[in-house]
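Take a look at the structure set out below.
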Amino acid sequence: MYIVTRRYGFAASHRLHVPSLGEEENQQLYGKCNNPYGHGHNYVVDVSARGPADPRTGRAVDVAVLDDLVRREVVAPFDHSNLNTQVDAFRDVVPTSENLAVEICRRLRAGWSAAFPGEWPKLYKIRIAETDRNIFEIKADEIE
């Protein structure tokens, strides 16, 4: 069984803010990430899929198919966007990198079977680096 990881990037802004909490509490929770005007990141997203090598091609994942899926479902809708206001999934959800990982995973899973109609490969993991020091991972089978 192989794990194949491809790296993608996009730039987006967000504001970490819970509307039901007061300004002071939001500031305490999120600090500079609660800036009313938002702030941006150059996100680096690693998408990992797992599966056996195909005996005919020797590949576990057709990376061109994976690239098309990620461009369509993740990069195109998120790149140069304000996650809070331009991505419906974050209208009522704080766009933390943890929640961004979940949303990316949901989007990829929704299009996975059309892109990869066989039993393999399977979406395995999403890893997001919002900075060199802030990195978040989620396994695809651990979210609803």
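Quick note: to get the working numbering, add 1035 to the position in the sequence shown (first position is 1).
Glycine included, C-beta positions come from ideal geometry on N, C-alpha and C.
Residue closest to residue i, alpha-carbon to alpha-carbon, out of the options
i        : options                                   : result
Ser-1132 : Glu-1058, Tyr-1037, Arg-1042 and Ile-1161 : Ile-1161
Thr-1120 : Met-1036, His-1052, Phe-1045 and Ala-1088 : His-1052
Asp-1089 : Leu-1143, Gly-1153, Leu-1064 and Ala-1149 : Gly-1153
Val-1100 : Lys-1174, Val-1039 and Phe-1171           : Val-1039
His-1049 : Tyr-1072, Glu-1179, Met-1036 and Leu-1064 : Tyr-1072
Glu-1165 : Thr-1092, Asp-1081 and Cys-1140           : Asp-1081
Arg-1146 : Leu-1158, Ala-1136 and Leu-1135           : Note that residue 1146 corresponds to Gly in the displayed sequence, not to Arg. Measuring from the Cα of Gly-1146, the nearest candidate turns out to be Leu-1158.
Ala-1175 : Ser-1083, Arg-1094 and Gly-1044           : Ser-1083
Phe-1022 : Ser-1148, Ala-1136, Gly-1086 and Gly-1093 : An answer regarding residue 1022 cannot be provided, because it is not within the stretch 1036 to 1179 covered by the chain.
Ile-1170 : Val-1079, Asn-1069 and Lys-1067           : Val-1079
Glu-1138 : Gly-1086, Ile-1178, Asn-1061 and Pro-1087 : Ile-1178
Leu-1011 : Asp-1123, Val-1129, Val-1109 and Glu-1172 : A question about residue 1011 goes unanswered here, because the residues of the chain that appear run from 1036 up to 1179.
Whole-angstrom C-beta distance between residue j and residue i, which should lie under 8 Å
i        : j        : result
Gly-1075 : Ala-1111 : The pair is not a contact, with the Cβ atoms about 18 Å apart (cut-off 8 Å).
Val-1096 : Pro-1156 : 5 Å
Leu-1143 : Leu-1104 : 6 Å
Gly-1086 : Tyr-1037 : 7 Å
Three-state secondary structure (DSSP) of residue i
i        : result
Ile-1139 : helix
Ser-1083 : strand
Ala-1111 : helix
Ala-1088 : coil
Ala-1047 : strand
Arg-1168 : coil
Arg-1144 : helix
Asn-1069 : helix
Start and end residues, alpha helix (DSSP H) containing residue i
i        : result
Glu-1058 : 1058-1065
Val-1103 : In the sequence as displayed, the identity of residue 1103 is Asp instead of Val. Start and end: 1098-1105.
Residue i beta carbon near the ligand ZN (any heavy atom closer than 6 Å)
i        : result
Leu-1101 : As far as ligands go, the structure on display features none, and thus does not contain the ligand ZN.
Limits of the unbroken beta strand (DSSP E) element including residue i
i        : result
Thr-1131 : Note, Thr-1131: premise wrong, no beta strand (DSSP E); not H, not E.
Leu-1158 : 1157-1164
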